């Protein structure tokens, strides 16, 4: 495994559970990729700030998140001009009542639509698969399965949202850059009912859990080691070279778990990949997302909004004069003794200060963007999905045509990261599916309970 992000670890664990010997090579001292790191000594992440996209059934099989997550209720709170305008409850019934009172009656209908989509999609074996479907194939399944969800994959995100929500609410649902993608992007980000949790102790806790899970399955960890090239013999990937001068050999497969557009920076892949492939990967690398993270170091604990009946502290989405920000409070779940609020969507401290923070309480702030992500994890674009989750880079077009089944143009070299199907953020399905492909290619019967294909 080249790279120890969460998808790389899940690939490794899945293969190890099938009796394979697996090594993860990670250039950082810790695992977790963009869902890891430290800020002023507090274990919070370089990019991810919450966990909402890991499917329940995948996590039950992995045993990754049990006991790790703080589950606030409401999960999200929308604030405008200092007033709470919507509480995103975990209960569908309670969310429906809240949405009607907040003047967003279409929201529960949208969530129900997404729930039906995922019920049909997973039942048809289209999610946990080494062979991602085309949009047309998936649309045929959904249209037959659910009259209400019919047409979702043939319509743009914007057209779907326009049916259910006033445009002023769209930024709380999805990034504006995804409005012209088809409905899969919307369904992806709203799976699990749009409910997001926070790791207790910050994202560093998830990093530690990933490492513990890998070790418990006998995976060998090379941390602080950088891969400088892929070894190819007789036209097949056979291992990697390290910056230390050592080599690590592989009998069955080499898996690239970094952003896929960085693959041509390694000399041997650059010499073997076709010119058109390299051009496509270079174009993908040119796509930039300027959503940034800001860490605020505070002189005293923040006091985020609380109301009677709330469980814990939710993620706060705050809108002032069309300048939006999302805030989490990781120091409330950390024993590090420091007080930090994380903000996203801003390139400078927001004015006014984050909810529950007096401007005089801010000692300092640190901004992080694509540059930080590039130094950590090779993610030069700043995009949480590496490759944009929009047409044509969805389903069997991900990360690019011909590579949809987790293979590359180099035999024995696979990919498994946010670049891969189904997409990015903290999800893990790509890691599971890449392992399926490697097992099947080597004549090993998959024993993961999520796989529905031929044994």
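Numbering (our numbering), first residue to last: 87 to 541.
Glycine is no exception: its CB is placed at the ideal position from the N, C-alpha and C atoms.
Bear in mind that the values here come from a model prediction, so they are computed numbers and not experimental data.
In the three-state reduction of the DSSP assignment, residue 97 falls in the helix class, which pools H, G and I.
When only Cα atoms are considered, residue 138 and residue 278 end up about 7 Å apart. Inclusion of residue 367 and residue 353 in the CB contact set at 8 Å is not warranted, their separation being larger than that value. An exposed status is given to residue 449, since fewer than 16 other beta-carbon atoms sit within 10 Å of its beta-carbon.
By the neighbour-count criterion, in which a residue is buried when 16 or more other Cβ atoms sit within 10 angstroms of its Cβ, residue 239 is buried. The beta carbon of residue 521 sits closer than 6 Å to the beta carbons of 97, 100, 101 from its chain, once the five residues preceding and following it are set aside; these are given in chain order. Ranking 169, 358, 176, 170 by CA distance to the CA of residue 159 puts 176 first. For the options 242, 442, 307, the alpha carbon positioned closest to that of residue 388 is the one of 442. In the structure shown, residue 426 adopts extended strand secondary structure according to DSSP, grouped into three states. Residue state for residue 234 is assigned as coil, using DSSP reduced to three classes. Non-local C-beta neighbours of residue 466 in its own chain, meaning closer than 7 Å and more than five positions away in sequence, comprise 371, 456, 460, ordered along the chain.
For residue 275, there is no enclosing beta strand (DSSP E); the residue is found in the alpha helix (DSSP H) stretching over 269–275. When DSSP assignments are scanned along the segment 280–360, the uninterrupted stretches of beta strand (DSSP E) that are 3 or more residues long and fall wholly within it turn out to be 306–309, 313–319, 322–328, 333–335, 340–342. Counting only runs of 3+ residues, the beta strand (DSSP E) found wholly inside the segment 447–508 occupies 448–454, 499–501, in chain order. Rounded to whole angstroms, the Cβ separation of residue 333 and residue 317 is 6 Å, and the two are in contact under 8 Å.
Closest in alpha carbon position to residue 280, among 216, 401, 131, 88, is 401. Taken in chain order, the unbroken stretches of beta strand (DSSP E) that lie wholly in the segment 110–175 and span 3 residues or more are 162–166, 169–174.
The Cβ atoms of residue 166 and residue 396 lie no closer than 8 Å to each other. Of 493, 470, 250, 338, the smallest CA-CA separation from residue 261 is found for 470. Residue 517 sits in a helix when the DSSP states are folded into three classes. Nearest to residue 478 by alpha-carbon distance, out of 327, 425, 267, is 267. The beta carbon of residue 275 sits closer than 7 Å to those of 260, all from its chain and outside the five residues before and after it, given in chain order. The beta-bridge partner set that DSSP reports for residue 523 is empty.
In the displayed model, residue 256 falls within a helix according to three-state DSSP. Contact annotation: the segment 209–228 touches the segment 480–488, with at least three C-beta pairs closer than 8 Å.
By the neighbour-count definition (other C-beta atoms within 10 Å, threshold 16), residue 452 is an exposed residue. Contact check for residue 192 and residue 250: beta-carbon distance about 3 Å, within the 8 Å limit, so the pair qualifies. About 5 Å separates the beta carbons of residue 503 and residue 343, which is inside the 8 Å limit, making them a contact pair. According to the DSSP assignment, residue 196 belongs to the alpha helix (DSSP H) that extends over 192–209. Counting the other CB atoms within 10 Å of its CB gives residue 528 a total below 16, which places it among the exposed residues. Here the alpha carbons of residue 509 and residue 104 stand approximately 25 Å from one another.
By alpha-carbon distance to residue 338, the top candidate from 345, 319, 329, 347 is 319. In the DSSP assignment, residue 249 falls within the unbroken alpha helix (DSSP H) covering 243–250. Counting C-beta pairs closer than 8 Å gives three or more between the segment 106–125 and the segment 302–316, which meets the contact rule. Secondary-structure assignment with DSSP links residue 88 through a beta bridge to 111, 342. In the DSSP assignment, residue 186 falls outside any beta strand (DSSP E) and within the unbroken alpha helix (DSSP H) covering 178–187.
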